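Here is the structure we will look at, set down as structure tokens.
Number of protein chains: 4
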Amino acid sequence: MSSSFGTLFKVSTFGESHCSGVGAIVDGVPPRMSLTAEDIQVQLDRRRPGQNKLGTDRNEADQVEILSGVEFDKTLGSPIGLLVKNKDQRPGDYGAMSTIPRPSHADYTYRAKYGTHASSGGGRSSARETIGRVAAGAIAEKFLLEEYGIEIVSWVSSVGAVDAAPIDMETISRALVDGNDVRCPDAGAAELMTAEIMAARKAKDSVGGVLSCVCRNVPAGWGEPAFDRLEALMAHAMLSLPASKGFEIGSGFAGARQRGSQHNDPYVMKPGGLGTVTNRSGGVQGGISNGEPVYFRVAFKPPATIGQEQQTVDYDGSDVTLAAKGRHDPCVVARAVPIVETMAALVLADLALIQRMRR
Amino acid sequence: MSSSFGTLFKVSTFGESHCSGVGAIVDGVPPRMSLTAEDIQVQLDRRRPGQNKLGTDRNEADQVEILSGVEFDKTLGSPIGLLVKNKDQRPGDYGAMSTIPRPSHADYTYRAKYGTHASSGGGRSSARETIGRVAAGAIAEKFLLEEYGIEIVSWVSSVGAVDAAPIDMETISRALVDGNDVRCPDAGAAELMTAEIMAARKAKDSVGGVLSCVCRNVPAGWGEPAFDRLEALMAHAMLSLPASKGFEIGSGFAGARQRGSQHNDPYVMKPGGLGTVTNRSGGVQGGISNGEPVYFRVAFKPPATIGQEQQTVDYDGSDVTLAAKGRHDPCVVARAVPIVETMAALVLADLALIQRMRR
Amino acid sequence: MSSSFGTLFKVSTFGESHCSGVGAIVDGVPPRMSLTAEDIQVQLDRRRPGQNKLGTDRNEADQVEILSGVEFDKTLGSPIGLLVKNKDQRPGDYGAMSTIPRPSHADYTYRAKYGTHASSGGGRSSARETIGRVAAGAIAEKFLLEEYGIEIVSWVSSVGAVDAAPIDMETISRALVDGNDVRCPDAGAAELMTAEIMAARKAKDSVGGVLSCVCRNVPAGWGEPAFDRLEALMAHAMLSLPASKGFEIGSGFAGARQRGSQHNDPYVMKPGGLGTVTNRSGGVQGGISNGEPVYFRVAFKPPATIGQEQQTVDYDGSDVTLAAKGRHDPCVVARAVPIVETMAALVLADLALIQRMRR
Amino acid sequence: MSSSFGTLFKVSTFGESHCSGVGAIVDGVPPRMSLTAEDIQVQLDRRRPGQNKLGTDRNEADQVEILSGVEFDKTLGSPIGLLVKNKDQRPGDYGAMSTIPRPSHADYTYRAKYGTHASSGGGRSSARETIGRVAAGAIAEKFLLEEYGIEIVSWVSSVGAVDAAPIDMETISRALVDGNDVRCPDAGAAELMTAEIMAARKAKDSVGGVLSCVCRNVPAGWGEPAFDRLEALMAHAMLSLPASKGFEIGSGFAGARQRGSQHNDPYVMKPGGLGTVTNRSGGVQGGISNGEPVYFRVAFKPPATIGQEQQTVDYDGSDVTLAAKGRHDPCVVARAVPIVETMAALVLADLALIQRMRR
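Given below as structure tokens:
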């Protein structure tokens, strides 16, 4: 509880680090949609570790298998079972680790909650849990693109103190984003970000960052007041991601410093109907999409696992010095790009189906 | 859809500006808890407009009536019906307004969604919708305080460009917060904020702001991975509020600029058990509370209704100049304080009841 | 928990016998539908006690008030608040009663569940709880009739050992059903049923009965496999009614005694497309409507409140003799007719909206 | 939609006849419970076809694999993924069949709903869908037995016109039920039932039947008024099973023919506290368990697939004669025994966890 998300387009995920596999059931996928494992694999490949020198050396293949709900490459309308087998299925022997709650990890809180914890440390709170989401969300993306022409693109807009210049949200594409390893379309900033990540790695440290995301061609009318406003569901989705600490839509926290006369988005006639001159609302007014691009930002803290020594205590309160062994991602934001995109897709696909109740 | 929030401690709200009344049904309230209308009225009084010179002159009494679920001032365990009658129950005649979608209001999006809109303009997207939430959340607060000793305190930490100094989250209280009209416990900042609000009013403009909130004494173990992490539900709750544009927990967006060695919260033995030296996590690790104070911030945009003239277009695309008549709140953050507190209480009360399934 | 029913067309109810009022919030009602209190009142009037000599002498007006969601007699798409004030709002002084759990009432089980119980005995388990359902379901009926031409008619098909002759499900109407007080369209059986009820009353006893219900013009394709099959939701709805003990759809329990060659419904071409020659399936195959009339039966036990003396024990286990004072309905099935109809409407309206996700 | 069931103890299933596999995710399973695949396999073995001469010759091994949520044979509290691979994974070529909707099958309704249909005919409406439920429910059974001592036993109480004599609900056990192939503990009736099934098979026909089920040691206090009464959820669960047509609890339809003075269950002091002399309520009053055995009956229609020739029409309305080829179960009730038990367990486990919110 609760491993499900969505009302009509609904995903339930399972799996942790060292079990047989991770995956999801996706219920509510419209029937008669073409779908193959390759459609899903694209985003899983963008998510997996070991893609380049910036991340961990672990190279996880993460091949998805469609278990059900698809026949002759067409969806049936029945639930789609998705499975990605774990390479390393041995519950770990973390030995001494099990007596020390790692700072800013979930060891302590999982124990408080469940009275037990997966031996691997990460367990269900590990990043592998997101595989099921990404696989499910890749289906949602395909549905949104084919039915509504919706394009969802996320990119890295800051790493540590390095900020990218503003990006043109009308033209940014996944191809542009994937132009460099750090997935920042501002090439100059990308170089600085790469340097920052390499510096953190060298210092046996880690570094946080911020992702931006835009969803283009979302029709006006999506989002369910009062509690399931589009931005509320989007915030829910994004804050459910490991390591995320913040969400803002449109003008966000900066907008809170403005006056109304600066912040309001006046209307103007556009080719397809009414639109707004500016888009400080981030494509949403009163919790409902207005046809302008939906855009938002998500903050990710620096990974908690670092090679530097940390002074902390074990479960008995005795002082210990902790330093992570092995190789760890010094920065996760590049890999988080497809995760943010697919989670956004899950939110929008659900709202799309719900809005169909009003015709 | 969807006017319900929560799984076990569940609130459903109804009502818009000019109907008979607004209110809520609260299901899942534990039985045998003492409860009177006065317990609820306190937060409604803090929420209502017209409390002081900073807000609108409208003075809405907003008296709550308990319709069911309580007998002899004790809860029965059955759903509690709550009703606040509207003073002005005449559907408005907004005349010309109905041909012009007000910038950054929900007129246009409601029409896109429902093909109709309440005559009053605001309708369900108006701030009156929050009355049901506040009333329901006041019950949640009482439950949390009596059963767990949980204290929830929110305050205004910025208005426009004016920031409050850091507040001691261990000692901040509602009495301190209510010490001035702007509800900022930093007296010096409060004066500047007041000046900023008065200036905005004088300029027929509005101004945004940020609220901070702390929840003390939340036991370790609350929050439901993967999708219903404590911070995910809290973000969902906060972004479902009218005019909110952002949410961050603990270090938030600033944390994304840090290194892991700066950001991690080492453990230390405290009187009641393990705790953390710092609290950049904001009381949550892996989506589960760790016993430290849960704290977060919510950004609110400047109110969209301003007296200044705005250049925009009507539904037909013809140019119009719009200037709001009458009196309007130039800043809503002071009144948002009890709303943020009660929404936080709804999240925590639900997670409390869910966690009881594991005993 | 759980006072809500439905996924998209969702009702939440509140209220017990002696509180201020009972009612409901109905979320998901399509916008721009004409709706007045009179539309709802019709079914409330058919539900209320004291309509004729067969029931209790209590005459409860049960006037519904629409609190929200409707403006100028048109739905807004926002939640509709419904309130029926209780005439007698004094929590009862049931004195001695409170030490004796009445046989086959909910006194004992409510106390086991909640550790308390409404003073009025019935509390939330009383028949007054159904008022909110009927009011909500009356809206669902209007939606189904106007959008799909769906007609829902229930009638009394047995009282005690008296069975009505088979009724023509194509022509049965509410006018025919209301042709006599017992609401059995078989006039001869109705007389015998009336006699049975009067005999039970004279003997200070009560008597059970069975309701039949048909839903005509339900389009093919409604119902959500696997768990939310049409008949599963219908059974859920019906068994959630006070005093109901059984549900069967189509051939029901009698069908279990047949061979497949007798039971199968062969297809035939009908004016509007394929149909079935017979309808032992009750309009549902594989959990999905097939366009034939959906019909089912619901068994209601005899009311537990009887004037006869009963030998039982109090909460301490001491022998007591119990005999209900005052006037009580000896048979509730006639009044259950609108309750069954409106609950069926709630199920179908929800499935209608859900099916719209597939277009 | 909707392939999920339950609020806290929640199962989501996937899979149809000829895909890679069928299975489930079970969320909300309490942590630290011992669990192995063998615990689950027992009920899957009782469910599988080809166990004896009464059923089809198809022998499906149906070996379950635990994918996640369990480590070192202990549950983690995280979702448990369950997979049973399909032996025959080739989407069928049903050729001519695809132009003829089989009488009383779901071919026609699935096509009306989804605009497509699994090639295998049965697809998601096939009995294989129940594998995920049985696997999930076997975990629920283990939880209920270990935590509360709850025993759930179902048996065949009628086949066609053959009824079993009343069974002692206090002593009936799975061992007794499995004493013969037809799973009827009345040995004499079992012989007649067997003869009836063999006769149906010889006639290329099928035959229906009724299952009874008792749940012993359910504590008083489970069940959630108003909509999620214990019997409402149980009816929902049972009517969601393929081929089920009716549900009755306690006295059921027979109770509707009685007077209140016959039907009421007087209280009496028992060793563990108050109990009832009789149990016509079926262990439930006001929707809440009263500590007496919960018992109910479920009607199953005769299987729709028969070898006899049937006169029907194809999708174009042309007359056709249809006769199923191959081997088919003439009666499914014996195999339905573990399905009914495990579905009952899912209902009770969910209500158990929900009731824990009140402590």
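Chains as they are written, first to last, in the numbering used here: chain V, 1 to 359; chain R, 1001 to 1359; chain W, 2001 to 2359; chain S, 3001 to 3359.
Think of the CB as a built atom: it goes at the ideal place given N, C-alpha and C, for glycine as much as any other residue.
Remember, predicted model here, so these are calculated numbers, not experimental data.
Within the region 1063-1087 of chain R, G1077 and S1078 place their CB atoms closer than 8 Å to a CB of chain S, listed in sequence order. Cβ contact annotation for S/N3180 (same chain, cutoff 6 Å, sequence separation greater than five): A3190, in chain order.
Between R/M1357 and S/L3346 the beta-carbon gap is near 15 Å, outside 8 Å, which marks them as no contact. Taking every protein chain shown into account, the CB of R/P1030 has 16 or more other CB atoms within 10 angstroms, so this residue is buried.
The beta-carbon of R/Y1148 is placed no less than 8 Å from the nearest beta-carbon of chain V. The Cβ atoms of S/P3225 and S/G3149 do not sit closer than 8 Å to each other. Counting every other CB atom within 10 Å of its CB across the protein chains shown gives S/K3053 a total below 16, marking it as exposed.
Neighbours of W/L2008 in chain V, taken as residues whose beta carbon is under 9 Å from its own, are T7, L8, I354 and M357 in chain order. Short of 7 Å from the beta carbon of R/E1248, and not among the five residues preceding or following it, lie these beta carbons of its own chain, in chain order: F1296 and R1297.
Between W/S2104 and S/H3263 the beta-carbon gap is near 7 Å, inside 8 Å, which marks them as a contact.
Residues of chain W whose Cβ lies closer than 9 Å to the Cβ of V/P30 are, in chain order, M2357, R2358 and R2359. Rounded to whole angstroms, the separation of the alpha carbons of W/S2157 and W/S2212 is 6 Å. If you compare the alpha carbons of V/L274, V/S281, V/G272 and V/K270 with that of V/F253, the shortest gap goes to V/S281. Just so you know, the alpha carbons of V/T312 and S/G3081 end up roughly 35 Å apart. For V/S261, the secondary structure class from DSSP, reduced to helix, strand or coil, is helix. Listed in chain order, the non-local C-beta contacts of S/G3246 below 6 Å within the same chain comprise A3299, local neighbours out to five positions each way being set aside. Close partners of S/V3177 in chain V (Cβ separation under 7 Å) are lacking, with about 32 Å as the shortest Cβ gap.
Contacts with chain V at 8 Å (Cβ-Cβ) do not include S/A3140. When DSSP assignments are scanned along the region 279-337 of chain V, the uninterrupted stretches of beta strand (DSSP E) that are 3 or more residues long and fall wholly within it turn out to be 294-300, 310-313 and 319-322. Identification of chain R residues near W/A2349 by a Cβ-Cβ cut-off of 7 Å yields none; the smallest Cβ-Cβ distance measures about 13 Å. DSSP places S/L3144 in the uninterrupted alpha helix (DSSP H) bounded by T3130 to Y3148.
A Cβ-Cβ distance of about 5 Å is found for the pair W/V2011 and W/A2024, placing them in contact under the 8 Å criterion. Assigned with DSSP and collapsed to three states, R/S1020 falls in coil, not helix or strand.
Per DSSP, the continuous alpha helix (DSSP H) segment holding R/G1255 begins and ends at G1252 to G1255. What W/D2027 touches in chain R, judged by beta-carbon distance under 9 Å, is M1001, S1002, S1003, S1004, S1012 and F1014, going in chain order. DSSP, read as helix, strand or coil, puts R/L1233 in helix.
Residues of the region 1258-1279 of chain R that bring their beta carbon within less than 7 Å of a beta carbon in chain V comprise Q1258, R1259, G1260, S1261, H1263, N1264, D1265, P1266, Y1267, V1268, M1269 and L1274, in sequence order. Exclusion of the five residues before and after R/S1034 leaves D1073 and K1074 as the residues of its chain whose Cβ lies within less than 7 Å of its Cβ. Rounded to the nearest whole angstrom, the CA to CA distance from V/R124 to R/I1197 is 47 Å. C-alpha of W/L2192 to C-alpha of W/V2337: approximately 19 Å in a straight line.
For S/E3151, the secondary structure class from DSSP, reduced to helix, strand or coil, is strand. By the Cβ neighbour-count rule, W/G2122 is buried, with 16 or more other Cβ atoms within 10 Å of its own.
Straight through space, the alpha carbons of S/A3161 and S/R3183 are spaced by roughly 16 Å. Residue-level contact check: S/C3213 does not touch chain V, since none of the beta carbons of chain V fall below 8 Å from its beta carbon. With contacts defined by Cβ atoms closer than 8 Å, R/D1062 and R/L1044 form a contacting pair. Short of 8 Å from the beta carbon of S/Q3308, and not among the five residues preceding or following it, lie these beta carbons of its own chain, in chain order: A3203, K3204, D3205 and A3323.
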